[in-house]
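All residue numbers for the sequence shown refer to the working numbering, where the first residue is 7 and numbers rise by one.
Just so it is clear, CB atoms sit at the ideal spot from N, CA and C, and this is done for glycine as well.
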Amino acid sequence: MTNAAPSVFVQLRERWVDAAVYTGAVLLALAPLLWCWGGASVGLIYLCGPAYILHQIEEHWGDRFRRFVNDHLFGGRDVLTPGAVWWINLPGVWGVNLAALHAAVFWGPGWGLAAPYLMLVNGVAHGGAALRFGYNPGLATSLLLFFPLGLYAAWVVPATEIQHAVGLGIAVAIHAVIVIAVARRAAA
């Protein structure tokens, strides 16, 4: 009888928050290089990635956010699953931030505004939850990082009205997909 090691995907799903600590530290260490290379606008879009990772650490350390949502919104039912949390946060956040950075570098900084708008929409969601439930995992970094950095980036990154609308639209659409998916699971 052999004890097979869990698959890489299982390891990533179960330990992604641990990996985020190291990933965030490395990305923050690279920030001055990218800022010097790409300028302030690209640098601000880039900083949204590590800022979001710091938020994810506060939010998901010890599975706090998933338990909070399941307990407070779904009466203790396991509606928000560990797999869903992984898909939301890695492809849905890290992937979007990476795509926004690529758009900012290759097409112009204004095309990267999905990154700060993603933070702002998420921050508004945490603020709304705070009005109803008080502190929720992720609220502190929403207030301390998301609003200052997101608002500043949205304000100073040179962009057209179309680029602002596209960035905000992407952020709202991602959050809407999450809400719809969780609501469907809750209704099942």
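Cβ-based burial, residue i [other Cβ within 10 Å; buried from 16]
{"i": "C54", "result": "buried"}
{"i": "P122", "result": "buried"}
{"i": "L86", "result": "buried"}
{"i": "F15", "result": "exposed"}
{"i": "L137", "result": "exposed"}
{"i": "L36", "result": "exposed"}
{"i": "G129", "result": "buried"}
{"i": "H61", "result": "buried"}
Beta-carbon spacing of residue i, residue j below 9 Å
{"i": "G118", "j": "V185", "result": "no"}
{"i": "S47", "j": "P115", "result": "yes"}
{"i": "N1", "j": "F80", "result": "The displayed coordinates of the chain run from 7 to 194. Any statement about residue 1 would go beyond what the structure contains."}
{"i": "A57", "j": "T166", "result": "no"}
{"i": "G44", "j": "V111", "result": "yes"}
{"i": "A192", "j": "R83", "result": "yes"}
{"i": "L124", "j": "I176", "result": "yes"}
{"i": "L145", "j": "G156", "result": "no"}
{"i": "H170", "j": "A179", "result": "no"}
{"i": "A189", "j": "A90", "result": "no"}
When the options are compared against residue i, the one with the closest alpha-carbon
{"i": "I168", "options": "A120, P38, L124", "result": "A120"}
{"i": "L149", "options": "V127, Q17, V102, H170", "result": "V127"}
{"i": "W197", "options": "R21, A105, G134, L104", "result": "Nothing can be reported for residue 197: it is not among the residues displayed for the chain, which extend from 7 to 194."}
{"i": "F139", "options": "Y28, F152, V75", "result": "V75"}
{"i": "A106", "options": "R19, G49, R191", "result": "G49"}
{"i": "V23", "options": "H66, A179, A177", "result": "H66"}
{"i": "L34", "options": "Q17, I59, A25", "result": "I59"}
{"i": "G30", "options": "W113, N103, A182, H78", "result": "N103"}
{"i": "I51", "options": "A187, W100, V183", "result": "W100"}
{"i": "Y28", "options": "I63, W41, C42", "result": "I63"}
Endpoints, the alpha helix (DSSP H) within which residue i is located
{"i": "D24", "result": "14-66"}
{"i": "P154", "result": "153-162"}
{"i": "L126", "result": "120-139"}
{"i": "V111", "result": "102-113"}
{"i": "V188", "result": "167-193"}
{"i": "W93", "result": "88-95"}
{"i": "W76", "result": "First, the residue type needs correcting, since residue 76 is Asn and not Trp in the sequence shown. Looking at the DSSP string, the run of the alpha helix (DSSP H) that includes N76 is 70-80."}
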